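Number of protein chains: 2
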Amino acid sequence: MKLSTRTRYGLRAILELATNQAKGPLQLKIIARNQDISLKYLEQLMATLKSAGLVRSLRGSKGGYILAKAANQIKLSDVFSALEGPSAITVECLDDNGYCVRTADCVTRQVWAQVQQAVMGVLESLTLQDLVDRAKEKGNLDYQI
Amino acid sequence: MKLSTRTRYGLRAILELATNQAKGPLQLKIIARNQDISLKYLEQLMATLKSAGLVRSLRGSKGGYILAKAANQIKLSDVFSALEGPSAITVECLDDNGYCVRTADCVTRQVWAQVQQAVMGVLESLTLQDLVDRAKEKGNLDYQI
DNA sequence: TAATATACTACTAATAAGGTAGGAATATAG
DNA sequence: CTATATTCCTACCTTATTAGTAGTATATTA
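As you go down the protein sequences, you meet chains E and D in turn.
If you read the first sequence in the working numbering, its first letter stands for residue 24, the second for the next number, and so on.
If you read the second sequence in the working numbering, its first letter stands for residue 24, the second for the next number, and so on.
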């Protein structure tokens, strides 16, 4: 169960937006440099976050990205789902009841459902604002190097 | 975060051993048929479980596999770790402190650590015996079709 | 019009997942 | 002692996914 770079990079990127919200649109160029992510790759990740309605973009000179909602309205589960897919843990039989004849009684399926719930529980309990606050506590105001 | 077939098949296979513990060694041929898993692939999964000390094997005619310990002594986290790797969620910076300069203050890393804990919490709280019991409750005595 | 951003789409390289295949070693039955 | 059944070992292979790269189009500002 490897966490993809998509999700890891994407979370770091949107967290930068949350951190620098006051400063107006933030350019991907900046994020890419701060976070050591390829600009071109980052563009794709942000496109995903945009179509999930989590960020908005402004084109052209002085453009960039901003959060589409307040940081305390964006749950980590939203970010995660957008980037990683709808269910935290991909097990075919969880998403498709017809996938397997044993579905109804299958105890292993139940286990994966429990695990899934546990993961989503954590991610639903945290917002971007929580992370910004945590970072501030650490004196890590900009979250940048 | 896709759960590999290794882990899914592996858990189903060792659960069959737990369910049929009383009947002596169970042959992979049987498990493969019941669980619809390729015999050759299953051989590999069982080899992994064997080297993790979770099952024992008996060669030759009338041979097969048995659990290496009582079903209530085998936690799902043991099975999972053996098959999926040591940490529930693979994020390089969790396993390698030197991986990233931001490690100490990184709030996203903290999130992944929390998620990891949540997953392991579930898997550590369950044993094979628990699953056997659950299956019995459902009247699904053999866990087979 | 020049410069600066995002938007869109296609391609590519590397890695991992999910097996297959063949034969060697070992145990049991007769 | 031989036939059969089973695990053991190792190598290979195919497909899908990940993680990017690249190029060009479009929009905005100054």
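Note that CB positions come from ideal geometry on N, CA and C, so glycine has one too.
Because the structure is a prediction, the values reported are computed rather than measured.
- [ ] Spell out a yes or no on whether the segment 104-113 of chain D and the segment 142-152 of chain D are touching, meaning 3 or more CB-CB pairs, one atom from each, closer than 8 angstroms.
- [x] Because the criterion of three Cβ pairs below 8 angstroms is met, the segment 104-113 of chain D and the segment 142-152 of chain D touch.
Task: Minimum C-alpha distance to E/Leu62 - residue among E/Lys98, E/Lys52, E/Arg31 - done: Within the first sequence, residue 62 of chain E is the residue found at index 39, counting from 1. When only C-alpha atoms are compared, the closest one is E/Lys52.
Task: Pair within 7 angstroms by beta-carbon distance, D/Ile37 and D/Val102 - done: By 1-based counting over the second sequence, the position of residue 37 of chain D is 14. By 1-based counting over the second sequence, the position of residue 102 of chain D is 79. Yes, they are a contact pair.
- [ ] Determine the direct distance from the alpha carbon of E/Trp135 to that of E/Asp153, and round the result to whole angstroms.
- [x] Residue mapping note: residue 153 of chain E aligns to position 130 of the first sequence, counting from 1. Residue mapping note: residue 135 of chain E aligns to position 112 of the first sequence, counting from 1. Between E/Asp153 and E/Trp135, the C-alpha separation is close to 28 angstroms.
TODO: Step through the CB atoms of chain D and report whether any lies within less than 7 angstroms of the CB of E/Val142.
DONE: For the purposes of this step, residue 142 of chain E is taken as residue 119 along the first sequence, with counting starting at 1. It does; some Cβ of chain D falls within 7 angstroms.
Open item on the list: Short of 7 angstroms in beta carbon distance, which residues of its chain neighbour D/Tyr166, apart from the five on each side in sequence? Order them along the chain.
Closed with: Residue mapping note: residue 166 of chain D aligns to position 143 of the second sequence, counting from 1. Because the pLDDT at D/Tyr166 is just 43, under 50, the model does not fix this residue reliably, and the value given afterwards should be weighed accordingly. Once the five neighbours on either side are set aside, the close Cβ partners of D/Tyr166 are Leu38, Glu39, Thr42, Ala158.
Task: Contact list for D/Ala94 against chain E, beta-carbon separation under 9 angstroms - done: For the purposes of this step, residue 94 of chain D is taken as residue 71 along the second sequence, with counting starting at 1. Correct list: empty, because the minimum Cβ distance to chain E is about 13 angstroms.
- [ ] With a threshold of 16 other CB atoms inside 10 Å of the CB of D/Gln139, please say whether the residue is buried or exposed.
- [x] Position 116 of the second sequence, counted from the first residue, corresponds to residue 139 of chain D. Around the C-beta of D/Gln139, 16 or more other C-beta atoms lie within 10 Å, and the residue is accordingly described as buried.
Open item on the list: Our contact map puts D/Leu106 next to D/Leu68 with C-beta atoms below 8 angstroms; I'd like the distance itself, whole angstroms only.
Closed with: Taking the first residue of the second sequence as 1, we reach residue 106 of chain D at position 83. Taking the first residue of the second sequence as 1, we reach residue 68 of chain D at position 45. Right, their Cβ atoms sit about 7 angstroms apart.
Open item on the list: Between which two residues does the alpha helix (DSSP H) holding E/Leu99 run?
Closed with: Taking the first residue of the first sequence as position 1, residue 99 of chain E is located at position 76. From DSSP, the alpha helix (DSSP H) with E/Leu99 extends over 99-107.
Open item on the list: Under 7 angstroms, Cβ to Cβ, is there at least one residue of chain D near E/Met69?
Closed with: In the first sequence, the residue the question calls residue 69 of chain E occupies position 46. It does not; no Cβ of chain D falls within 7 angstroms.
Task: 7 angstroms Cβ cutoff, D/Thr113 in contact with chain E - done: Here residue 113 of chain D corresponds to residue number 90 of the second sequence, with the count starting at 1. Judged by the 7 angstroms Cβ criterion, D/Thr113 is in contact with chain E.
Open item on the list: To the nearest angstrom, how far is the alpha carbon of E/Gly86 from that of D/Asn95?
Closed with: Counting from 1 along the first sequence, the entry for residue 86 of chain E is found at position 63. Counting from 1 along the second sequence, the entry for residue 95 of chain D is found at position 72. Rounded to the nearest angstrom, the two C-alpha atoms are 60 angstroms apart.
Task: Close beta carbons around E/Leu34, own chain, < 6 angstroms, minus the five adjacent residues each side - done: Taking the first sequence and counting its residues from 1, one reaches residue 34 of chain E at position 11. Hits under 6 angstroms: Val102.
Open item on the list: If you measure between the beta carbons of E/Thr150 and E/Ile89, is that distance less than 7 angstroms?
Closed with: On the first sequence, residue 150 of chain E is found 127 positions in, with the first residue counted as 1. On the first sequence, residue 89 of chain E is found 66 positions in, with the first residue counted as 1. Not in contact: E/Thr150 and E/Ile89 (Cβ atoms no closer than 7 angstroms).
- [ ] Provide the residue(s) that pair with E/Leu81 in DSSP beta bridges, ordered along the chain.
- [x] Start at 1 with the first residue of the first sequence, and residue 81 of chain E comes out as number 58. According to DSSP, E/Leu81 bridges with E/Gly87.
Open item on the list: Comparing C-alpha positions only, which one of D/Lys161, D/Ser100, D/Tyr32, D/Pro48 sits nearest to D/Gly83?
Closed with: Taking the first residue of the second sequence as 1, we reach residue 83 of chain D at position 60. Nearest C-alpha to D/Gly83: D/Pro48.
Task: Beta-carbon gap between E/Ala91 and E/Leu77 smaller than 7 angstroms - done: Along the first sequence, one-based indexing puts residue 91 of chain E at 68. Along the first sequence, one-based indexing puts residue 77 of chain E at 54. E/Leu77 is positioned such that its CB atom lies closer than 7 angstroms to that of E/Ala91.
Task: D/Tyr64 versus D/Asn57 - alpha carbon distance - done: As a working mapping, residue 64 of chain D is identified with position 41 in the second sequence. As a working mapping, residue 57 of chain D is identified with position 34 in the second sequence. Their backbone Cα atoms lie some 14 angstroms apart in a straight line.
TODO: Check the Cβ-Cβ distances between D/Thr131 and every residue of chain E, and say whether any is below 7 angstroms.
DONE: Here the question's residue 131 of chain D lines up with position 108 in the second sequence. Cβ-Cβ to chain E under 7 angstroms: yes for D/Thr131.
Task: From E/Ala45, E/Thr71, E/Arg29, E/Ala75, residue whose alpha carbon lies closest to that of E/Ile60 - done: Numbered from 1 along the first sequence, position 37 holds the residue referred to as residue 60 of chain E. When each option's Cα is compared against that of E/Ile60, the closest is E/Arg29.
- [ ] Compare the Cα-Cα distances from E/Leu26 to each of D/Ser104, D/Gly121, D/Tyr122, D/Leu117 and report the closest residue.
- [x] Counted from its first residue, the first sequence places residue 26 of chain E at position 3. If we check each option's Cα against that of E/Leu26, D/Leu117 comes out closest.
TODO: Please confirm if D/Asp118 has its CB atom under 7 angstroms from at least one CB of chain E.
DONE: In the second sequence, counting from the first residue as 1, residue 118 of chain D sits at position 95. No - not a single Cβ of chain E is within 7 angstroms of the one on D/Asp118.
- [ ] Note the first and the last residue of the continuous alpha helix (DSSP H) segment covering D/Asn120.
- [x] For the purposes of this step, residue 120 of chain D is taken as residue 97 along the second sequence, with counting starting at 1. That residue, D/Asn120, is in no alpha helix (DSSP H); it is neither H nor E in DSSP.
Open item on the list: For a test of the three-state rule: what should DSSP assign to E/Leu51, helix, strand or coil?
Closed with: Residue 51 of chain E sits at position 28 when you count from the first residue of the first sequence. Here E/Leu51 sits in helix by DSSP.
Open item on the list: To the nearest angstrom, how far is the alpha carbon of D/Ala70 from that of E/Glu115?
Closed with: The residue given as residue 70 of chain D occupies position 47 in the second sequence. The residue given as residue 115 of chain E occupies position 92 in the first sequence. In this structure, the CA atom of D/Ala70 is about 25 angstroms from the CA atom of E/Glu115.
Open item on the list: My assumption, with CB atoms under 8 angstroms, is that E/Asp128 sits in contact with D/Lys161. Please give the rounded CB distance.
Closed with: Against the first sequence, residue 128 of chain E aligns to sequence position 105. Against the second sequence, residue 161 of chain D aligns to sequence position 138. Indeed, because the Cβ distance is near 5 angstroms, the residues count as touching under 8 angstroms.
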